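Working notes for the structure below.
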Amino acid sequence: MPLTAAVRPHSADSGEARRRAKLGAAEAEVLRIVTDARTPVFVTVRADGRRRYSYWRPLDSVTGRGGCYVALPTAECDTLHAAGRITLGEPLADPNRITYRVSATRTPPAPPRALPERARAA
Numbered sequence: 692m693p694l695t696a697a698v699r700p701h702s703a704d705s706g707e708a709r710r711r712a713k714l715g716a717a718e719a720e721v722l723r724i725v726t727d728a729r730t731p732v733f734v735t736v737r738a739d740g741r742r743r744y745s746y747w748r749p750l751d752s753v754t755g756r757g758g759c760y761v762a763l764p765t766a767e768c769d770t771l772h773a774a775g776r777i778t779l780g781e782p783l784a785d786p787n788r789i790t791y792r793v794s795a796t797r798t799p800p801a802p803p804r805a806l807p808e809r810a811r812a813a
């Protein structure tokens, strides 16, 4: 039996899967929605301090579903914001609320790991 059968092929998606595993399933789903350029996400902050993250889901002609606003889980969005994974744009003020555009931040690449002494000597 060849040994190559046990080796997984390296793909660009494997790094994305590792990043999502660190976040948690709900936070990864929120981040996926925020990073989709076709889906503008907004957060509305009411005068009493209540926040609501939401986006517009377009109508799907195949299923007939959509055509409505969809709320995102506030706790997961706040966690992503506190971790610096999403940022808020310029405020749009209204007498009863302030609305911000939500966007994903670009994460810098991981710093290169130092090579062990054996690898540097070779």
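Letter by letter, the sequence shown follows residues 692 to 813 in my numbering. Note that CB positions come from ideal geometry on N, CA and C, so glycine has one too. Remember, predicted model here, so these are calculated numbers, not experimental data.
Sequence-distant residues of its chain with Cβ nearer than 7 Å to residue i (five each side left out)
i	result
R776	L722, A795, T796
A712	Its pLDDT being 44, under 50, A712 is placed unreliably in this model, and the value from its coordinates should be taken loosely. Around A712: no qualifying Cβ.
P700	Summary for P700: the model assigns pLDDT 43, below 50, so the residue's position carries little reliability, and this model does not support an answer.
T778	S794, T796
Y791	F733, V734, L779, G780, P782
Burial state of residue i, where buried means 16 or more other Cβ atoms lie within 10 Å
i	result
C768	buried
E781	exposed
L771	buried
V753	exposed
V793	buried
Y760	exposed
Proximity of residue i and residue j at Cβ, strictly below 8 Å
i	j	result
V732	I724	yes
L750	G757	yes
N787	A717	no
Spatial neighbours of residue i in its chain, beta-carbon cut-off 6 Å, leaving aside the 5 residues before and after
i	result
I789	V736, P782
T726	A795
Cβ-heavy atom distance, residue i to the ligand PLP, below 7 Å
i	result
G780	Among the components modelled here there is no ligand, and therefore nothing to report on the ligand PLP.
If we require 4 or more residues per run, which alpha helix (DSSP H) segments fall completely within the segment 742-797? The segment 742-797 contains these whole alpha helix (DSSP H) runs: 765-773.
Would you say the segment 741-751 touches the segment 759-773, given that touching needs at least three Cβ pairs under 8 Å? Yes, the segment 741-751 is in contact with the segment 759-773.
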